[in-house]
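The structure under discussion appears below in the form of structure tokens.
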Amino acid sequence: MNQPLFAAPKGTFDHVPPRAETILAVRDAMAEQVRRAGFGYIETPSFEETALFVRGVGESTDVVTKEMYSFTTKGGDDVTLRPEGTAPVLRAALENNLHRGALPVKLWYSGSYYRYERPQKGRYRHFSQVGAEVLGTEDPASDAELIVLAVDAYRALGMTGVRVVLNSLGSEESRPAYREALREYLRGLDLDEQTAARVEANPLRVLDDKRPEIQAALADAPVVADFLSPADRTHHDTVCELLAEAGVPFEQDPRLVRGLDYYTRTLFEFVHDGLGSQSAVGGGGRYDGLSELLGGPRLPGVGWALGVERTALALEAEGVPLPGQNGLDVYAVPLGGEASRHLFGVATELRRAGVRTDMAVGGRGLKGAMKAADRSGARFALVVGERDIAEDEVQVKDLRSGEQEAVSFSDVVPHVTRRLGH
RNA sequence: GUGGCUGUAGCUCAGCAGGUAGAGCACCUGGUUGUGGUCCAGGAAGUCGCGGGUUCAAAUCCCGUCAGUCACCCCA
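Positions in the first sequence are counted from 1; adding 115 to them yields our numbering.
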């Protein structure tokens, strides 16, 4: 803390031990769920042609108008660090003709996303999410499947405070009528300039405004549910029934809308109260028209993205014990250079036998090294000094009981693996 | 882009009717010529975010600036 150091760019962060292990555990828990359900792993570039997001996410969205990291390459291409995953994955599916094979195509992915926003709790310029998409079916079973998988991922992590919030925006056929009705209603209100502009560009998003005066003004606004076609209604009811049968509680929220334009019908969010103002730990919905927006064929889809950092924050807020700490089995303590050479070999053999082993280096004193052994959380300490070398012995100390026994060098590896129950 | 709050040791913070810095935890050493977790003793560690101003004297007051943080707009 003396010289001017480099710092992580605004809104970004480093995941450092031991907390970083939580991040890994969160990703793993999410990945485990989708793998079990037959999703295939897909990776796409961290940046895409800017036009993909403008067309896919929607020209009038905040993401596109003010949150994109866009730049022009040396070759003159306009590219953007991806602010979300669905449009890129759909692009990749179409480009690789995945939709020409068996449908539906089920894909999952994990990676970094970028949005140029003012940072606050749970909202950063660089964040990571795990996503899943089901392409090529309108079956409400896929909507429900995804929601159940996400909830099971949260549960697997030990989280209890997530709520599922659900809504239906209606299909491309029924939504426009609602849009118009809502717009008419909103025009009758006394709104600030920015909000009034939003009424014209995308009235649904006004429903999402958190300001109390706006929410109060929306009390008598028309509700989507009244505009759903019979087919939309059936679709939505089926999703609800499947969730109920799966034992996944949910709340209907007719005000739920999301900031991306491509959503149709099913829309959902996973919310948690321990995150401050950014309460969504994950969210998603159906996007039956997105493929066509991108110039592709009719290819309905549904998907979600789960925020890795926000999930970690939620776990911390609940006080769930942080999963996945790196545990050691053995910590080797040499006394002097000769002993160090001997134990180096033992440590290598132990690791090759699958035993998690660390060793004191730098010629620390015995006391200091034992302290390090204790802090490492290892089950056993291996102590070797000149006397032991002379007698071909390793002192194996059980750090829990404090008991210690001498074992010959040739027996150490099998002795330790046996006592660890490997 | 707008607003509130905060910047003192590795971490969490105290000190702010101005007199050139403290605690707890962590770390290192010793008490035990070869043994951790408890205890005891000692030690190392800070241009008090940065710049300017007021003053005999500024961590403390004033101005500016940067950074962090929380919130709004919106979202993972």
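Heads up, the beta-carbon is just placed ideally off N, CA and C, and yes, glycines get one too.
Quick one: what does DSSP say residue i is sitting in, helix, strand or coil?
{"i": "residue 118", "result": "Any reading at residue 118 must be qualified, since the residue scores a pLDDT of 43, below 50, and its modelled position is unreliable; the value itself is stated next. In this structure, residue 118 counts as coil in the three-state DSSP scheme."}
{"i": "residue 269", "result": "helix"}
{"i": "residue 519", "result": "strand"}
{"i": "residue 430", "result": "helix"}
{"i": "residue 450", "result": "coil"}
{"i": "residue 382", "result": "strand"}
{"i": "residue 224", "result": "strand"}
{"i": "residue 278", "result": "strand"}
{"i": "residue 395", "result": "strand"}
{"i": "residue 287", "result": "coil"}
{"i": "residue 163", "result": "strand"}
{"i": "residue 300", "result": "helix"}
{"i": "residue 185", "result": "strand"}
{"i": "residue 465", "result": "helix"}
{"i": "residue 460", "result": "helix"}
{"i": "residue 123", "result": "coil"}
{"i": "residue 402", "result": "coil"}
{"i": "residue 445", "result": "strand"}
Should residue i and residue j be called a contact, given that it needs their Cβ atoms to be closer than 8 angstroms?
{"i": "residue 327", "j": "residue 297", "result": "no"}
{"i": "residue 185", "j": "residue 195", "result": "yes"}
{"i": "residue 390", "j": "residue 430", "result": "no"}
{"i": "residue 224", "j": "residue 246", "result": "yes"}
{"i": "residue 455", "j": "residue 473", "result": "no"}
{"i": "residue 468", "j": "residue 426", "result": "no"}
{"i": "residue 501", "j": "residue 451", "result": "yes"}
{"i": "residue 286", "j": "residue 217", "result": "no"}
{"i": "residue 155", "j": "residue 222", "result": "yes"}
{"i": "residue 176", "j": "residue 376", "result": "yes"}
{"i": "residue 423", "j": "residue 244", "result": "yes"}
{"i": "residue 249", "j": "residue 385", "result": "no"}
{"i": "residue 178", "j": "residue 399", "result": "no"}
{"i": "residue 528", "j": "residue 453", "result": "no"}
{"i": "residue 198", "j": "residue 182", "result": "yes"}
{"i": "residue 284", "j": "residue 378", "result": "yes"}
{"i": "residue 293", "j": "residue 354", "result": "no"}
Between which two residues does the beta strand (DSSP E) holding residue i run?
{"i": "residue 244", "result": "241 to 250"}
{"i": "residue 201", "result": "Where residue 201 is concerned, there is no enclosing beta strand (DSSP E), although the alpha helix (DSSP H) it sits in stretches over 201 to 210."}
{"i": "residue 196", "result": "193 to 196"}
{"i": "residue 474", "result": "472 to 474"}
{"i": "residue 510", "result": "508 to 513"}
Could you round the C-beta distance between residue i and residue j to whole angstroms and report it? I think they count as a contact, below 8 angstroms.
{"i": "residue 497", "j": "residue 471", "result": "Rounded, the Cβ-Cβ distance is 13 angstroms, inconsistent with contact."}
{"i": "residue 207", "j": "residue 220", "result": "In fact, because the Cβ distance is near 11 angstroms, the residues do not count as touching under 8 angstroms."}
{"i": "residue 281", "j": "residue 148", "result": "That pair is no contact at about 19 angstroms."}
{"i": "residue 419", "j": "residue 397", "result": "6 angstroms"}
{"i": "residue 514", "j": "residue 495", "result": "6 angstroms"}
{"i": "residue 415", "j": "residue 171", "result": "So it is not a contact: roughly 15 angstroms between Cβ atoms."}
Rounded to whole angstroms, what is the Cα-Cα separation between residue i and residue j?
{"i": "residue 126", "j": "residue 383", "result": "27 angstroms"}
{"i": "residue 436", "j": "residue 521", "result": "36 angstroms"}
{"i": "residue 274", "j": "residue 524", "result": "46 angstroms"}
{"i": "residue 369", "j": "residue 434", "result": "32 angstroms"}
{"i": "residue 215", "j": "residue 300", "result": "44 angstroms"}
{"i": "residue 567", "j": "residue 191", "result": "In this structure the chain extends from 116 to 537, so residue 567 is not present and cannot be described."}
{"i": "residue 118", "j": "residue 488", "result": "For residue 118, the predicted model reports a pLDDT of 43, less than 50, meaning its position is unreliable; a value from the coordinates is still stated below. Cα to Cα, the separation comes out at about 33 angstroms."}
{"i": "residue 387", "j": "residue 335", "result": "27 angstroms"}
{"i": "residue 94", "j": "residue 158", "result": "Absent from the model: residue 94. The displayed extent of the chain is 116 to 537, so no value can be given."}
{"i": "residue 116", "j": "residue 129", "result": "For residue 116, the predicted structure reports a pLDDT of 38, less than 50, and the residue's modelled location is therefore unreliable. The matter cannot be settled from this model."}
{"i": "residue 341", "j": "residue 144", "result": "38 angstroms"}
{"i": "residue 380", "j": "residue 134", "result": "38 angstroms"}
{"i": "residue 121", "j": "residue 153", "result": "44 angstroms"}
{"i": "residue 484", "j": "residue 475", "result": "6 angstroms"}
{"i": "residue 236", "j": "residue 392", "result": "7 angstroms"}
{"i": "residue 254", "j": "residue 350", "result": "8 angstroms"}
{"i": "residue 313", "j": "residue 307", "result": "10 angstroms"}
{"i": "residue 325", "j": "residue 462", "result": "58 angstroms"}
{"i": "residue 262", "j": "residue 311", "result": "34 angstroms"}
{"i": "residue 320", "j": "residue 304", "result": "15 angstroms"}
{"i": "residue 140", "j": "residue 226", "result": "14 angstroms"}
{"i": "residue 187", "j": "residue 168", "result": "15 angstroms"}
{"i": "residue 411", "j": "residue 493", "result": "56 angstroms"}
With residue i as the anchor, note down where its alpha helix (DSSP H) starts and where it stops.
{"i": "residue 532", "result": "527 to 535"}
{"i": "residue 491", "result": "481 to 491"}
{"i": "residue 330", "result": "327 to 332"}
{"i": "residue 363", "result": "Note, residue 363: premise wrong, no alpha helix (DSSP H); not H, not E."}
{"i": "residue 421", "result": "Segment 416 to 422 is the beta strand (DSSP E) holding residue 421; no alpha helix (DSSP H) there."}
{"i": "residue 141", "result": "135 to 151"}
{"i": "residue 496", "result": "Careful: residue 496 lies outside any alpha helix (DSSP H), inside the beta strand (DSSP E) at 495 to 499."}
{"i": "residue 313", "result": "308 to 316"}
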